[in-house]
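For the sequence shown, the working numbering begins at 4 and goes up steadily by one.
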Amino acid sequence: MTDSITLTGLRVNAHHGVYDFEKENGQDFVIDVTVWLDLLAAAASDDVTQTIHYGELAEQITDAARHNPVDLIETVAERIAAVVLAHPPALKVQVTVHKPQAPISVPFIDVAVQITRVRP
4 MTDSITLTGL RVNAHHGVYD FEKENGQDFV IDVTVWLDLL AAAASDDVTQ
54 TIHYGELAEQ ITDAARHNPV DLIETVAERI AAVVLAHPPA LKVQVTVHKP
104 QAPISVPFID VAVQITRVRP
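Structure below.
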């Protein structure tokens, strides 16, 4: 499948992290998602119901990332993948969760977890 929809740089402030101060203060996370699906019917019909509405998907992704704090961004990525794959047209999803303010003692630009999941 070569058709895809990509959302890049979704920003959300959430309270995920191993440390208490991360859960108390929160921090910004940046999310990238690519979902693979067949876009032929949507393109032929010019009908948004034949695809995944990326505006609605962006809201669902940020809601999933914002609520119910967890320790690991790996868990956040899995949660987002499940939200995306709940859409019947979605065949495969790649989720990257960036934690640019991670509490690391050495200089860095970014820390991220990336997962790829396929509809069973």
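Glycine included, C-beta positions come from ideal geometry on N, C-alpha and C.
Proximity to residue i [Cα-Cα], best of the options
i, options, result
"Ile118", "Gln30, Val100, Gly58, Leu88", "Val100"
"Pro106", "Lys26, Thr5, Thr9", "Lys26"
"Gln30", "Leu94, Arg69, Val121", "Arg69"
Distance between beta carbons of residue j and residue i, contact taken as under 8 Å
i, j, result
"Leu88", "Val79", "Not confirmed; about 15 Å, so no contact."
"Pro92", "Asp41", "7 Å"
"Val98", "Ala84", "5 Å"
Buried or exposed by the 16-neighbour rule on C-beta atoms within 10 Å, applied to residue i
i, result
"Ile112", "exposed"
"Leu60", "buried"
"Gly20", "buried"
Beta-ladder partner(s) of residue i, from DSSP
i, result
"Ser108", "Answer by DSSP bridge pairing: none, since Ser108 is not bridged."
"Leu43", "In DSSP, Leu43 forms no bridge with anything."
"His101", "Val33, Ala115"
"Thr9", "Thr37"
| query | Do three or more CB pairs link the region 11-27 to the region 47-54 at distances below 8 Å? | reply | Because the criterion of three Cβ pairs below 8 Å is not met, the region 11-27 and the region 47-54 do not touch.
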